[in-house]
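Protein chains in written order, with the numbering used here: chain A, 1 to 330; chain B, 331 to 660.
2 protein chains.
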Amino acid sequence: MSRAATVRDIAREAGVSTATVSRALNGDPRVHGTTASAVRAAADRLGYSVNRAARSLKTRSTRMVGVIAPDLATDFFMILADRLERELAAEGYDMLIASSRESAAEEERLLGLFPEHLVDGIVAIPATGESDHFRRAIARGTPLVLTDRAPGNPGADAVLVDNEGGAREAVRALAGLGYRRIGFVGGDLRLTTARERFEGYRTALAGLGIPPEPEFERFGPMHIDAGYGMMDELLALPNAPEAWFVVNADTHVGATNRLYKEPPERRERAALAAFDEMPWSPLLRFCRFAVEQPVGEMGRTAAGFILDRIEGRVGGRPRTARLPTRLIPH
Amino acid sequence: MSRAATVRDIAREAGVSTATVSRALNGDPRVHGTTASAVRAAADRLGYSVNRAARSLKTRSTRMVGVIAPDLATDFFMILADRLERELAAEGYDMLIASSRESAAEEERLLGLFPEHLVDGIVAIPATGESDHFRRAIARGTPLVLTDRAPGNPGADAVLVDNEGGAREAVRALAGLGYRRIGFVGGDLRLTTARERFEGYRTALAGLGIPPEPEFERFGPMHIDAGYGMMDELLALPNAPEAWFVVNADTHVGATNRLYKEPPERRERAALAAFDEMPWSPLLRFCRFAVEQPVGEMGRTAAGFILDRIEGRVGGRPRTARLPTRLIPH
DNA sequence: GCGGGTTTTGTAATCGATTACATTTTCCTC
DNA sequence: GAGGAAAATGTAATCGATTACAAAACCCGC
């Protein structure tokens with residue numbers, strides 16, 4: 001392929017200056033209608049497409065928002081990204097996603113890579129409990145919104161859900177079915193989501209007058225295998241729980257998988273309540289309740305926050321939204 | 331925030347020229363070790379980070395690969411993206427994802443947006459049966475690799491799976507359980523995946539001496555709701571199938587959901603075989619077989635193809651990889 | 001301490017689009 | 001048709017990093 005056409009080429013082709021070309025193509029009302037059409041025609045003829053590197057070098061804006069997610073294959077993150085994308089598209093912004101692969105170091109690298117004139121702002125789903133790199137990014141002036149998790153207090157806008165309340169409700173609902181021995185299949189307590197859901201679990205038990213039983217509380221990475229493993233340990237206890245609160249969708253799958261291996265009489269009585277309502281949640285045998293997160297609302301709020309930052313509509317004080325969950329019986 | 335530091339600032343700070351700064355920061359062996367350290371120190375002191383717009387304007391390369399997926403919330407696409415990302419990261423490339431929202435028009439827009447000096451090449455999962463815009467992108471010189479689906483024959487490299495064989499095997503396996511009345515819960519035949527899987531279904535029946543029954547064959551968008559609807563229609567037939575081949579993970583969820591609503595005696599005998607092995611597939615009640623796609627291998631192959639194109643290691647003739655699936659009994 | 005090679009560093013052009021400022025053209029009104 | 005405001009266009013600087021080419025510094029043996 002030959003060299004791509006530039007404004008210069010169009011200027012020559014249309015017999016005008018590069019200034020006029022640039023203005024015509026960007027819809028500047030100052031160029032005469034006739035000239036504008038001629039320029040557009042020339043651009044079409046040459047198959048012109050703008051060089052964004054050059055443009056953003058000059059304008060310092062890209063109209064793109066970057067999203068950093070810990071993992072591309074985790075449903076919840078991508079559903080959130082999907083909702084966010086719709087909102088941003090409606091405002092004329094494009095969205096780019098990159099994965100931090102659950103690593104704070106990689107996250108920091110992306111936090112540096114993205115602003116280097118690739119995106120105007122960043123929406124991140126923090127990968128770990130680390131927060132210093134977020135603080136540094138903000139100090140550098142990067143418009144930043146955290147979603148789902150908010151480690152430390154890096155002074156960024158944040159869009160969160162009421163994890164504590166959601167978990168509390170779910171555990172209460174299990175108790176409402178008559179269960180007293182309720183296990184906790186949890187996540188790494190350094191993650192705010194995992195910690196808050198654990199607090200909800202504890203609070204619910206306290207409210208029900210059930211003393212906490214440390215043996216019933218398991219923690220691990222919020223993945224399928226860990227869910228399986230934690231359920232395995234809980235089932236091995238001499239006086240095992242019969243109902244479980246499960247911290248998210250992945251652990252839910254793992255825990256369910258493990259339960260399937262139990263003898264029928266034990267399975268019969270098993271009941272789960274899990275965070276995250278997924279399309280397949282109602283199909284999982286033991287799932288009695290799911291805590292639905294307001295993903296659409298989260299996307300909408302995050303889009304609003306980041307656009308406000310980018311377009312400078314809002315001052316230094318960080319905003320936090322804490323959205324309610326909804327308990328869904330299955 | 332004040333203006334970000336530039337090579338100029340570093341040059342002043344370190345008492346050298348911008349050329350030396352650039353060379354030092356890019357590890358050019360021609361700069362003296364002592365000078366290089368001094369430059370790096372100055373850069374650190376000023377909190378320098380390169381302006382990629384400026385760099386790629388000059389170098390015409392970004393070491394980034396763009397991925398266009400029809401939908402961010404579809405597991406299979408994101409798992410594929412995840413595997414691809416790992417491969418690219420290993421080669422020092424970053425990956426950016428954007429969603430075409432199942433629209434050829436949006437796909438075309440991204441196909442134009444991405445190369446404008448944002449990425450060096452594109453890996454796309456085509457959204458529709460359209461292929462002209464892919465052809466045009468290639469004509470423009472954009473390094474492009476198609477995955478999963480390959481509409482038309484746009485002359486791009488493609489990484490595909492043996493959809494026909496996978497579906498054939500799955501239907502045979504259902505027949506092996508004794509079923510003769512096997513329904514097809516399918517997808518839009520304009521998509522190569524849907525079409526090839528349908529061919530596999532037909533071929534399997536033919537091989538088994540079972541005459542095709544058009545009433546048993548349903549087509550629609552490959553989504554949960556459509557899966558539910560198609561299953562609904564199939565169950566309403568006077569002499570309904572008792573086993574079903576389901577075209578992908580989403581329709582699988584929908585179809586299963588619908589089956590749950592059937593009276594126990596009918597559910598008892600129901601059996602499904604579905605394309606896509608997901609973590610939760612073994613947990614779905616009626617799923618007897620899943621066709622696993624070699625996602626890791628697809629990512630690896632796609633990464634190899636696109637990097638070969640970007641780095642000009644391969645000529646004009648497009649390459650196609652057709653990878654085998656694996657039947658998994660549940 | 002001088003010629004010739006090797007390192008190391010510097011100067012200035014360049015990538016392509018945007019835009020401040022300057023200039024020309026158009027269009028009224030009197 | 002002169003004068004002046006408004007509209008349209010042009011000139012050239014600019015964004016920040018890279019790099020071709022030029023120049024300087026250093027090292028060596030004799």
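We put the beta carbon where it would ideally sit given N, CA and C, even for glycine.
Just so you know, these numbers come straight off a predicted model, no measurement behind them.
Contacting residues, own chain, Cβ-Cβ under 6 Å from residue i (five flanking each side not counted)
i	result
M331 of chain B	Only weak support is given to the placement of M331 of chain B: the predicted model assigns it a pLDDT of 44, under 50, and the value that follows is read from those uncertain coordinates. Same-chain partners within the cutoff: there are none.
Y531 of chain B	A497, V501, F514 and F575
R649 of chain B	D487
F444 of chain B	G396 and I452
E199 of chain A	E164
I554 of chain B	D580, V583 and G584
D9 of chain A	L46
Sub-9 Å separation of residue i and residue j beta-carbons
i	j	result
A270 of chain A	L177 of chain A	no
A603 of chain B	A503 of chain B	yes
R185 of chain A	V246 of chain A	In the sequence under discussion, the amino acid at residue 185 of chain A is Val, which differs from the Arg named in the question. Yes, Cβ-Cβ distance for V185 of chain A and V246 of chain A is below 9 Å.
P329 of chain A	R288 of chain A	yes
T251 of chain A	A226 of chain A	yes
L476 of chain B	L448 of chain B	no
L414 of chain B	A633 of chain B	yes
D424 of chain B	A98 of chain A	yes
N51 of chain A	A19 of chain A	no
E526 of chain B	N483 of chain B	no
L387 of chain B	A43 of chain A	no
G92 of chain A	R55 of chain A	no
G584 of chain B	D518 of chain B	no
G155 of chain A	R135 of chain A	yes
Residue from the options whose Cα sits closest to the Cα of residue i
i	options	result
L323 of chain A	A:V291, A:R317, A:D308 and A:G312	A:V291
S611 of chain B	B:N578, B:T472 and B:R630	B:N578
R60 of chain A	A:H32, A:E116 and A:P279	A:E116
A341 of chain B	B:V369, B:D562, B:E499 and B:A334	B:V369
G299 of chain A	A:A321, A:V314 and A:F275	A:A321
E432 of chain B	B:A344, B:A372, B:R385 and B:L402	B:L402
P70 of chain A	A:V123, A:N51 and A:D132	A:V123
L418 of chain B	B:F407, B:A335, B:K388 and B:G451	B:G451
P544 of chain B	B:I554, B:Y558, B:P624 and B:L567	B:L567
E607 of chain B	B:T631, B:P593, B:P624 and B:E595	B:P624
I68 of chain A	A:R45, A:L144, A:A41 and A:N26	A:L144
L411 of chain B	B:T631, B:A366, B:L538 and B:E343	Rather than Leu, the amino acid found at residue 411 of chain B in this sequence is Ala. Looking at the Cα atoms, B:T631 is the closest of the given residues.
L538 of chain B	B:M552, B:E641 and B:A505	B:A505
Residue i versus residue j: straight-line alpha-carbon distance, rounded
i	j	result
G550 of chain B	G442 of chain B	30 Å
F286 of chain A	Y590 of chain B	14 Å
R360 of chain B	V346 of chain B	14 Å
P212 of chain A	R180 of chain A	11 Å
T533 of chain B	E572 of chain B	19 Å
L613 of chain B	T586 of chain B	11 Å
M408 of chain B	H32 of chain A	47 Å
S379 of chain B	V395 of chain B	21 Å
G296 of chain A	I210 of chain A	35 Å
A36 of chain A	N26 of chain A	10 Å
I636 of chain B	L376 of chain B	37 Å
G315 of chain A	S131 of chain A	21 Å
A41 of chain A	P609 of chain B	53 Å
R313 of chain A	T142 of chain A	15 Å
Spatial neighbours of residue i in its chain, beta-carbon cut-off 8 Å, leaving aside the 5 residues before and after
i	result
R479 of chain B	I455, P456, L490, L521, T522 and T523
E463 of chain B	The sequence as given places His at residue 463 of chain B; Glu does not occur at that position. Closer than 8 Å at Cβ, skipping near neighbours: A434, E437, E438 and L441.
F216 of chain A	R181, I182, G183, F184, L234, L237 and P241
P481 of chain B	P456, T458, G459, E460, S461, F464, R520, L521 and T522
E406 of chain A	Residue 406 of chain A lies beyond the stretch modelled for chain A, which goes from 1 to 330, so this question has no answer here.
Own chain, CB closer than 7 Å to residue i, minus 5 neighbours either side, in chain order
i	result
R548 of chain B	F514, V515, G516, M560, E563 and L564
L657 of chain B	E499, A500, A503, F619 and V621
V7 of chain A	T18, V21 and S22
Would you list, in chain order, the members of the region 42 to 68 of chain A that have their beta-carbon closer than 9 Å to a beta-carbon of chain B?
-> Going along the region 42 to 68 of chain A in chain order, one finds G47, S49, V50, N51, R52, A53, A54, R55, S56, L57, K58, R60, T62, M64, G66 and V67 with a Cβ nearer than 9 Å to chain B.
Residues from the region 20 to 43 of chain A in contact with chain B, defined by Cβ distance under 9 Å | Hits within the stretch: zero.
Using a Cβ cut-off of 7 Å, which residues of the region 418 to 439 of chain B contact any Cβ in chain A, in chain order?
-> Flagged, chain order: D424, M425, L426, I427, A428 and S429.
What are the residues of the region 294 to 318 of chain A that lie near chain B, defined by any Cβ-Cβ distance shorter than 7 Å?
-> From the region 294 to 318 of chain A, no residue has a Cβ closer than 7 Å to chain B.
What residues in the region 208 to 231 of chain A have a beta carbon less than 7 Å from any beta carbon of chain B?
-> Answer set for the region 208 to 231 of chain A: I224.
Mind checking the region 108 to 127 of chain A against chain B and listing, in chain order, the residues whose C-beta falls within less than 7 Å of any C-beta there?
-> Of all residues in the region 108 to 127 of chain A, the ones placed with a Cβ closer than 7 Å to any Cβ belonging to chain B are G112, L113, E116, H117 and L118, in chain order.
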